[in-house]
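Engineer: Residue numbers (our numbering): 711 to 936. Structure in structure tokens, see below.
In structure tokens:
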């Protein structure tokens with residue numbers, strides 16, 4: 711029996727180029743915001759977790775990290791978008807809910823990544839900072855965090871890329887990202903192979919550009935390495 715033939719038809723998607731462009735730009739924009747806020751949240755969380763049980767935020771933050779790292783992201787997204795409004799927390803739009811879910815997700819993973827970098831800080835650096843009369847906050851900001859972030863920057867970059875790729879599920883709450891664009895075009899043209907091939911290549915391009923850009927930024931900030 712002869713194999714079924716299929717003619718690839720990218721021309722049928724020409725009129726949806728704007729839809730894909732909008733999806734790429736929204737995905738990239740969300741990824742940029744989430745990366746900045748998620749890393750900031752992770753740094754704060756790493757300091758809290760490293761401070762130990764005497765910090766009043768230690769147990770709540772530990773619970774947050776464990777919950778996020780041991781539940782599916784799509785469940786977290788649905789809980790925030792569908793569950794929180796039931797308690798009176800309203801979102802201006804679906805994008806803000808998606809960003810909150812992604813930031814919380816990245817923040818939990820970044821907390822543990824940065825904490826690992828802080829944990830291997832030599833005792834001599836802590837003692838030197840104490841001798842110089844630096845407060846604990848200044849010790850973290852000036853002595854501990856810069857080398858710790860340099861050590862874990864590649865791991866942070868990898869996690870940020872994973873979160874960007876995982877953001878494809880935000881199309882489930884009608885965020886018009888790249889996956890939404892591919893689904894929309896496919897539903898109208900039935901060109902499934904073409905639509906999802908384009909989406910795959912665009913996600914690949916975003917991931918490569920994001921990884922290279924962040925690693926280059928790390929080399930600039932930390933003066934070598936990364």
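Note that beta-carbon positions come from the ideal geometry of N, C-alpha and C, so glycine has one too. The structure displayed is predicted, hence computed values, not measured ones.
#1: Comparing alpha-carbon positions, which option in 762, 893 and 933 lies nearest residue 828?
#2: Relative to the C-alpha of residue 900, which candidate in 779, 722 and 819 has its C-alpha closest?
#3: With respect to the alpha helix (DSSP H) encompassing residue 770, which residues constitute its N-terminal and C-terminal limits?
#4: Closest Cβ-Cβ distance between residue 800 and chain D: below 9 Å?
#5: Thinking C-alpha only, which one of 839, 921 and 850 is nearest residue 873?
#6: Between which two residues does the alpha helix (DSSP H) holding residue 691 run?
#7: In the DSSP assignment, the alpha helix (DSSP H) including residue 734 goes from what residue to what residue?
#8: Would DSSP call residue 716 helix, strand or coil?
#9: State the Cα-Cα distance for the pair residue 909 and residue 892, rounded to the nearest angstrom.
#10: By Cβ distance, which residues of its chain are closer than 6 Å to residue 753, with the 5 residues on each side in sequence left out?
#11: Within the chosen definition, does the stretch 859 to 872 reach the stretch 769 to 789 through at least 3 CB pairs nearer than 8 Å?
#12: Can you tell me the Cα-Cα spacing of residue 805 and residue 839, whole angstroms?
#13: Pick helix, strand or coil for residue 876, following the three-state DSSP scheme.
#14: List the endpoints of the continuous alpha helix (DSSP H) containing residue 889.
#15: Indicate the three-state DSSP secondary structure (helix, strand or coil) for residue 801 in the structure shown.
#16: Exposed or buried, residue 764, counting other C-beta atoms within 10 Å across all chains shown (16 or more means buried)?
#17: Buried or exposed for residue 815, please, with buried defined as at least 16 other CB atoms from any protein chain shown within 10 angstroms of its CB.
#18: In angstroms with no decimal places, state the Cα-to-Cα distance between residue 932 and residue 881.
#19: Quick one: grab the DSSP three-state call for residue 943.
#20: If we call anything under 9 Å between Cβ atoms a contact, is residue 755 one with residue 821?
#21: On the CB-based measure, 16 or more other CB atoms within 10 Å of its CB, does residue 877 come out buried or exposed?
Structural biologist: In short:
#1: 762
#2: Among 779, 722 and 819, the Cα nearest to that of residue 900 is on 722.
#3: 768 to 779
#4: Looking at the structure shown, chain D is missing, and only one protein chain is on hand.
#5: 921
#6: There is simply no residue 691 to check, as the chain begins at 711 and stops at 936 in what is shown.
#7: 727 to 761
#8: coil
#9: Each residue's Cα considered, the two are about 6 Å apart.
#10: Answer for residue 753: 824, listed in chain order.
#11: Contact fails: fewer than three Cβ-Cβ distances are below 8 Å.
#12: 43 Å
#13: helix
#14: 888 to 899
#15: coil
#16: exposed
#17: buried
#18: 36 Å
#19: With the chain covering only 711 through 936, there is no way to say anything about residue 943.
#20: Between residue 755 and residue 821, the C-beta gap is smaller than 9 Å, which places the two residues in contact.
#21: buried
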